[in-house]
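Reviewing the structure listed below.
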Amino acid sequence: MREAIARLPASKIREVANAGIGRSDVLAFWFGESDEVTPEAVRRAAAQSLSDGETFYAPNLGLPELRQALAGYCSALHGTVEVERIAVTSSGVNALMLAMQLLAGAGDEVVAVVPLWPNLTAQAAIMGATVKRVALRPQQGRWTLDLDELRAAVTPATRVLLLNAPNNPTGWTLTCEEQQAILAHCRRTGTWIVADEVYERLHFGEGPAAPSFDETGPLAAPSFLDIAGDEDRLVVAHSFSKSFLMTGWRLGWLVLPRGHADAIGKLIEFNTSCAPVFVQRGGLAALQIAADFVPALVQHLRGCRDRLLPQLSALPGVEVASPPGGMYAFFRVQGRDDSLAFAKQLVQQHGLGLAPGVAFGDEGEGWLRWCFASRDPQRLDAGVQRLARALGL
Ligand SMILES: Cc1ncc(COP(=O)(O)O)c(C=O)c1O
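Using my numbering, you'd call the opening residue of the sequence shown number 484 and step up by one each time.
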């Protein structure tokens, strides 16, 4: 086995979940998904596709009609994105892995803004790249990025800058001005930006937003697509998982610079060959209901966030920043510095399932991540009661 693979850490979220195996009474908020099923129109479209016998290989880059619909969807949010720049992938994580295979090789330097969903840095490690980390910091109730620190870290030796905003686990969201400063710097250093924007629609409207709005507010968090040209060294990764409640479907897409789709098509051929046709039909149906479905989902999630956050911050010793995007509350409790041990204790003794912050890197140690995407918001209240009990309150 390659040394780089042997060294990959196992998921610490799974480690906590395994500690709760066999317990049916656990309130689980550890994984990044809602307990609500995929919309019926999407499920029906996939079932219809199977019933119609669509059981064959698809083009590497996806069904032409889905690519076209994705180009329309992205263009409506961010200004014109041509269909030639879209590649359909088998999930967001697959999109990110393909981007890493395209851009980073053995010995290359990748800079990542952390804490960060660990899959992104693991993918760089799988390619044999080295990862340099720049840490976000909580300041006055917000997670913030020190732009000067990032600029100092990204040099002409940096092949890829990995950014995930809205961020898992902190909810940190880049402003348009920060994106402009980062893009200008990366143009100077010749660095590729891999922007993981899978949570772009889960944006709660505070602060500067993307140019597109409807009556409910901004439709997406600021995106690098709002400001970059189609020849910039920018790859944006997307997913159907979060905005359409489709985590189990494994469908995502990439927006590439002009002229790069054929190379990604080759990589898709050698990885998965294509996303399944019936899954892509589900994706098409999701885009057709997006205009109604996504704002309603975001409103529900905002309600979940606004129900959980005040309860958490009212607990003595708890520090939490209200997330402007995503679906996670990232918080810490004074005196509980070992997040893995604390998360295991919470599940074993109190039936509360949270993700340990250390799963997102050493910078997350001492913190816990709570996914607030809950169909029934009262589950969140019950969770807080269990946490309060665990803290002896
Ligand atoms: C930051 C981030 N990027 C990408 C993904 C990938 O999502 P999926 O592979 O389900 O499309 C996730 C899932 O949790 C995530 O949190």
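No residue lacks a Cβ here, since even glycine has one placed at the ideal position from N, Cα and C.
Since we're looking at a predicted model, the values are computed, not measured.
Distances from the alpha-carbon of C757 to those of S574, E567 and R490 put S574 closest. Checking the 7 Å criterion, the Cβ of N754 is out of range of every heavy atom belonging to ligand 1. Here L708 is not near V643, since their CB atoms are 8 Å or more apart. Its chain contains L863, D864 and V867 as the residues whose beta carbon lies nearer than 8 Å to that of Q794, once the 5 sequence neighbours on both sides are disregarded; these appear in chain order. By the beta-carbon neighbour count (other beta carbons within 10 angstroms, threshold 16), P839 is buried. By DSSP's assignment, V677 forms a beta bridge with L645 and V718. With a 10 Å radius around the Cβ and a threshold of 16 neighbouring Cβ atoms, M583 comes out buried. Checking the DSSP bridge columns, you'll see L851 partnered with F814 and P839.
Per the DSSP secondary-structure output, E592 pairs in a beta bridge with T613 and T641. Assigned with DSSP and collapsed to three states, T627 falls in strand.
It is roughly 12 Å from the alpha-carbon of V509 to the alpha-carbon of V499. CA-to-CA, the gap between Q662 and L581 works out to about 23 Å. The shortest C-alpha to C-alpha distance from W626 to any of A648, A608 and T641 is the one to A648. The beta carbon of E519 sits closer than 6 Å to those of L728 and R858, all from its chain and outside the five residues before and after it, given in chain order. Membership of P621 in the beta strand (DSSP E) is indicated by the continuous run R620 to Q622. Counting only the Cα atoms, R815 lies some 7 Å from V803. A Cβ-Cβ separation of about 18 Å leaves E516 out of contact with T653 under the 8 Å criterion.
The beta carbons of P598 and L619 sit about 7 Å from each other, so the pair counts as a contact at 8 Å. By the Cβ-count criterion, E660 is exposed, with fewer than 16 other Cβ atoms from all chains shown falling within 10 Å of its own Cβ. According to the DSSP secondary-structure assignment, L708 is paired through a beta bridge with no residue. Here the alpha carbon of I504 sits roughly 47 Å from the alpha carbon of D715. Not a single heavy atom of ligand 1 lies less than 7 Å from the C-beta of G836.
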